[in-house]
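Novice:
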Amino acid sequence: MAMRFARAMRPLAAGPGRRPMGGGPTTTHVTSGDLKKVVQDMPPAGGYPDVIFKKATINRGPDGWMIWVGSLLTVAFGFYRVGQCNLERNAAKKEKREARMAIVPYLQAEEDARAVAAKLNQDADEAEIMKGVKDWKVGASVYNSERFWAPPSPVEHPRA
1477 MAMRFARAMR
1487 PLAAGPGRRP
1497 MGGGPTTTHV
1507 TSGDLKKVVQ
1517 DMPPAGGYPD
1527 VIFKKATINR
1537 GPDGWMIWVG
1547 SLLTVAFGFY
1557 RVGQCNLERN
1567 AAKKEKREAR
1577 MAIVPYLQAE
1587 EDARAVAAKL
1597 NQDADEAEIM
1607 KGVKDWKVGA
1617 SVYNSERFWA
1627 PPSPVEHPRA
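Mapping of the sequence shown onto our numbering: position 31 corresponds to residue 1507, and the numbering continues sequentially without gaps.
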């Protein structure tokens, strides 16, 4: 039993068919005495020249407040133009609406004349068709109502 334990504790030998456990080449340990003497870099005699960083900066554009003011002016001008266009469009709509309302009586008169001519043609056709039926009154309503019925108007009230 002790033999087995000793065998398990034995390190793996690096041989031609075996690799160390880390996967890389075998290493040798170095002591601090084997290291080279460290030489620290020092500034040149008299020191380094001064760095002039103010002249080296480039112009990176306008300041932040300039961008804000420019943006606000652009937005304000855009809203002003939208308002002006809305006023112009509303004036054009009003003019169109008033022009349509001005010609409505003429259009209604034409429709009334057409409706009268159509009614006369309809009565003539009705008289021709119903000439053999006695007690038939041409143009009389077939409904028992005295309510006035106006023909539909071809012009609706304009909205835009």
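Even for Gly, the Cβ is constructed at its ideal location relative to N, Cα and C.
1. I need the straight-line Cα distance from tyrosine 1556 to alanine 1575, nearest angstrom please.
2. Quick one: Cα of valine 1551 to Cα of tryptophan 1544, how far?
3. Report the residue ranges of all alpha helix (DSSP H) runs contained in full by the segment 1528 to 1552; include only those spanning at least 4 residues, in chain order.
4. Any idea what DSSP makes of alanine 1521, helix, strand or coil?
5. For valine 1592 and glutamate 1602, which I take to be in contact (beta-carbon distance under 8 Å), what is that distance rounded to the nearest angstrom?
6. How is leucine 1563 classed by DSSP in three states: helix, strand or coil?
7. Going by DSSP in three states, glycine 1608 sits in which element: helix, strand or coil?
8. Mapping the DSSP letters down to three states, classify phenylalanine 1624 as helix, strand or coil.
Specialist: Per the coordinate set shown:
1. 29 Å
2. 11 Å
3. 1529 to 1532
4. coil
5. About 15 Å; that fails the 8 Å criterion.
6. helix
7. coil
8. coil
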